[in-house]
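Here is the structure we will look at.
Number of protein chains: 2
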Amino acid sequence: MSAPTRETIIATADRLFYERGFEATSFANIAEKVGISRGNFYYHFKTKDEILEAVILRRLAFTQDMLAQWQAEGKTPVDRIRLFIHILVRNQTKIMQHGCPVGTLCSELSKQQHPALAHATRLFTLFRLWLSGQFTELGLTERADSLAMHLLMRSQGVATLAQSFQDEAFVHEEVRLMDNWLNDLIDVKG
Amino acid sequence: MSAPTRETIIATADRLFYERGFEATSFANIAEKVGISRGNFYYHFKTKDEILEAVILRRLAFTQDMLAQWQAEGKTPVDRIRLFIHILVRNQTKIMQHGCPVGTLCSELSKQQHPALAHATRLFTLFRLWLSGQFTELGLTERADSLAMHLLMRSQGVATLAQSFQDEAFVHEEVRLMDNWLNDLIDVKG
DNA sequence: TAGTAATTAGGACAATTGACCTAATCGGTA
DNA sequence: TACCGATTAGGTCAATTGTCCTAATTACTA
């Protein structure tokens with residue numbers, strides 16, 4: 080199996096699924112962007128679900144790498160949680176254009192009642208468990224999972240409204256509120 | 080023009096767009112559900128964008144009616160804001176199945192760079208202005224719009240995660256937190 | 001060099017899409 | 001009754017979809 084070609088296909092599909100959505104992206108679209116024939120494409124992936132599966136696996140791997148990097152980069156749990164919060168600012172342009180890669184994919188798969196929804200939700204779970212670990216480390220063991228879900232919820236809400244309203248100031252304001260929320264959380268604790 | 084047929088088509092399209100998404104719903108799907116021929120359908124709506132426009136207008140009208148009813152039903156601004164918060168519980172089943180009707184539509188139209196996105200966003204704006212009015216009435220004039228966006232953001236986030244995780248308890252917990260948030264807001268003020 | 005497996009290209013397939021057309025039928029009016 | 005516009009049904013159109021097949025080409029090995 081030719082790793083480069085296959086990897087290029089997955090990377091391109093990943094980008095197109097994010098920018099246009101899964102259903103709206105066709106085999107022809109991907110093949111064209113990659114610069115190969117549809118026949119060649121079919122040699123690597125028999126069905127559309129198969130390429131979707133590969134894209135999700137790729138995203139899972141990339142997400143795990145990113146979380147591992149945050150784990151090394153942030154000196155304290157609070158620093159690390161802030162790294163999560165600030166993806167909204169770092170990826171602001173893309174989020175305002177296409178929303179959150181995880182949220183929009185899950186939403187689409189859910190509507191289509193697609194069996195891969197469970198796999199896609201695993202992406203959320205990665206963040207959930209990682210965030211929950213940070214809160215546990217802060218001594219908020221019992222509330223850790225709820226707090227993780229709460230932060231996930233807020234980032235999803237910001238992404239959705241940012242995509243609709245195209246309002247840059249709103250994103251910054253909500254990120255500021257999340258920072259304050261985090262500060263209050265450790266103030267009360269300490 | 081036959082109002083009943085046309086209205087039935089719009090209502091059916093509205094439901095299908097919500098359940099399956101706009102792109103994933105075809106003329107044939109709608110016509111079949113309504114029980115008319117595709118030719119008849121085309122008599123009422125020339126293009127797919129035309130039926131989308133009609134659906135958005137219908138939703139705008141229904142939303143305005145709902146907000147007017149809340150305005151009459153809630154005795155205080157706080158009561159009215161709570162009516163908004165608790166749609167998450169009242170429509171929980173549908174939200175867990177298909178997400179928020181407004182958020183998922185805007186998200187899809189944004190990905191397709193569909194010109195009707197601006198119209199769909201008007202749905203958000205209706206809620207935004209109405210909520211902002213309630214906060215203003217509470218004396219929080221300067222922060223009113225930010226607070227409105229904040230509540231919209233939270234309801235969107237809850238809807239997205241509820242759709243992905245299918246977690247009923249999470250929805251109730253976040254609604255409780257929103258209630259507390261509202262209480263704190265008026266405590267600080269008073 | 002010869003041969004074999006991996007890879008690629010190009011086309012074909014049935015099904016479905018949005019769009020369009022024409023003929024039939026309906027309802028109310030003159 | 002005769003007429004006419006409003007409504008409906010059914011069929012057609014080119015384009016695109018996911019899927020599949022076969023032949024050519026490449027890369028590697030004996």
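One line per chain: the protein sequences are A and B, in this order. In this text, residue positions in the first sequence follow the numbering used here: the first is 80, and each later residue adds one. In this text, residue positions in the second sequence follow the numbering used here: the first is 80, and each later residue adds one. C-beta: ideal position from N, C-alpha, C; glycine also. Given the structure is predicted, the values throughout are model-derived calculations rather than measurements.
Open item on the list: Quick check: the stretch 147–166 of chain A against the stretch 118–135 of chain A, are at least 3 beta-carbon pairs closer than 8 Å?
Closed with: Contact between the stretch 118–135 of chain A and the stretch 147–166 of chain A is absent, with fewer than three C-beta pairs closer than 8 Å.
TODO: Given a cut-off of 7 Å, decide if A133/B and I164/B are closer than it, judged by their beta-carbon atoms.
DONE: No, the pair does not count as a contact, with Cβ atoms beyond the cut-off.
TODO: Would you mind stating whether E102/B and A103/A have Cβ atoms separated by less than 7 Å?
DONE: A contact, by the Cβ cut-off of 7 Å.
Open item on the list: Is it the case that the stretch 198–209 of chain A contacts the stretch 106–121 of chain B, given that we only count it when at least three CB pairs across the two stretches are under 8 Å?
Closed with: Contact between the stretch 106–121 of chain B and the stretch 198–209 of chain A is absent: fewer than three C-beta pairs spanning the two stretches fall below 8 Å.
Open item on the list: If I measure Cβ to Cβ from I115/B and keep anything under 8 Å in the same chain, skipping five residues before and after, which residues do I get?
Closed with: Taken in chain order, the residues that qualify are T84 and I88.
Task: CB of A33/B within 7 Å of CB of C179/B, strictly - done: The question about residue 33/B has no answer, for chain B in this structure spans 80 to 269.
Task: CB of R159/A within 7 Å of CB of Q213/A, strictly - done: Their beta carbons are under 7 Å apart, which means R159/A touches Q213/A by this criterion.
Open item on the list: Among L184/A, A241/A and E152/A, whose alpha-carbon lies nearest the alpha-carbon of L196/A?
Closed with: For the set L184/A, A241/A and E152/A, the Cα lying nearest the Cα of L196/A is the one of L184/A.
TODO: Would you mind stating whether R161/A and D93/A have Cβ atoms separated by less than 7 Å?
DONE: Between R161/A and D93/A, the CB-CB gap reaches or exceeds 7 Å.
Task: Cα-Cα separation, R117/A to F106/A - done: R117/A and F106/A: Cα-Cα distance of roughly 7 Å.
Open item on the list: Can you pull out the residues from the stretch 168–185 of chain B whose beta carbon lies closer than 7 Å to at least one beta carbon of chain A?
Closed with: If you check each beta-carbon in the stretch 168–185 of chain B against every beta-carbon of chain A, the ones closer than 7 Å belong to H177, G178, G182, T183 and C185.
Task: Any C-beta of chain B under 7 Å from that of G100/A - done: So yes, G100/A belongs to the interface.
TODO: Run down chain A in chain order and give the residues with a C-beta less than 9 Å from the C-beta of R233/B.
DONE: When 9 Å is used as the limit between beta carbons, R233/B is near these residues of chain A: M232, R233 and G236, in chain order.
Open item on the list: Going by DSSP, what residue range makes up the alpha helix (DSSP H) through L217/B?
Closed with: Run containing L217/B: none; DSSP gives neither H nor E here.
Open item on the list: Here's the rule I'm using: 16 or more other beta-carbon atoms within 10 Å means buried, otherwise exposed. How should E86/A be labelled?
Closed with: By the neighbour-count criterion, in which 16 or more other beta carbons inside 10 Å mark a residue as buried, E86/A falls on the exposed side.
Open item on the list: Output needed for H198/B: all residues of its chain with C-beta closer than 6 Å, excluding positions within five of it in sequence on either side, in chain order.
Closed with: The residues I135, in chain order, have a CB closer than 6 Å to that of H198/B in the same chain once the five nearest residues on each side in sequence are set aside.
Task: E253/A in three-state terms, based on DSSP - done: In the three-state DSSP reduction, E253/A falls in the helix class (H, G or I).
- [ ] Counting only the same chain and skipping the five closest in sequence on each side, list residues whose C-beta sits under 6 Å from that of Q245/A.
- [x] M175.
TODO: Specify, as a first and last residue, the run of the alpha helix (DSSP H) that F120/A falls within.
DONE: R117 to H123 is the span of the alpha helix (DSSP H), which, as asked, contains F120/A.
TODO: Could you work out which residue in R222/B, Q242/B and E252/B is closest to Q192/A when comparing CA atoms only?
DONE: Distance check between Q192/A and each of R222/B, Q242/B and E252/B places Q242/B closest, using alpha-carbon atoms only.
- [ ] Can you tell me which of the three DSSP states H165/A falls into?
- [x] Correct three-state label for H165/A: coil.
Open item on the list: Please report whether the beta-carbon of T239/B lies at a distance below 7 Å from any beta-carbon of chain A.
Closed with: By this cut-off, T239/B is an interface position.
Open item on the list: Is it buried or exposed, T172/B, if we count other Cβ atoms within 10 angstroms and call 16 or more buried?
Closed with: Result: exposed.
Open item on the list: Could you tell me which whole alpha helix (DSSP H) segments of length 4 or greater appear in the stretch 87–114 of chain B?
Closed with: Segments of the alpha helix (DSSP H) lying fully in the stretch 87–114 of chain B: 106–113.
- [ ] Have a look at K154/B and R233/A and give me their C-alpha separation to the nearest angstrom.
- [x] Taking C-alpha positions only, K154/B is separated from R233/A by approximately 29 Å.
Task: Sequence-distant residues of its chain with Cβ nearer than 6 Å to T270/B (five each side left out) - done: Here chain B covers residues 80 to 269 and nothing more, so residue 270/B does not appear.
Open item on the list: Let's test the definition: count the other Cβ atoms within 10 Å of the Cβ of E253/B and tell me whether it reaches 16, buried, or not, exposed.
Closed with: By the neighbour-count rule (16 or more Cβ atoms within 10 Å), E253/B is buried.
Open item on the list: Please classify A223/A as buried or exposed, where buried requires at least 16 other C-beta atoms within 10 Å of its C-beta.
Closed with: It counts as buried.
Task: L217/A versus L261/B - alpha carbon distance - done: Pairing L217/A with L261/B, the inter-Cα distance amounts to about 27 Å.
- [ ] Taking only heavy atoms of the ligand NAP into account, decide whether any of them is closer than 6 Å to the Cβ of K154/A.
- [x] Inclusion of the ligand NAP in the displayed structure is not the case, the ligand content being empty and no account of it being possible.
TODO: Please decide whether Q242/A counts as near chain B, where near means a Cβ-Cβ distance under 7 Å.
DONE: So, interface residue.
Open item on the list: At the 7 Å Cβ level, is T84/B part of the contact set with chain A, yes or no?
Closed with: No, T84/B lies away from the interface with chain A (no Cβ there is under 7 Å from its Cβ).
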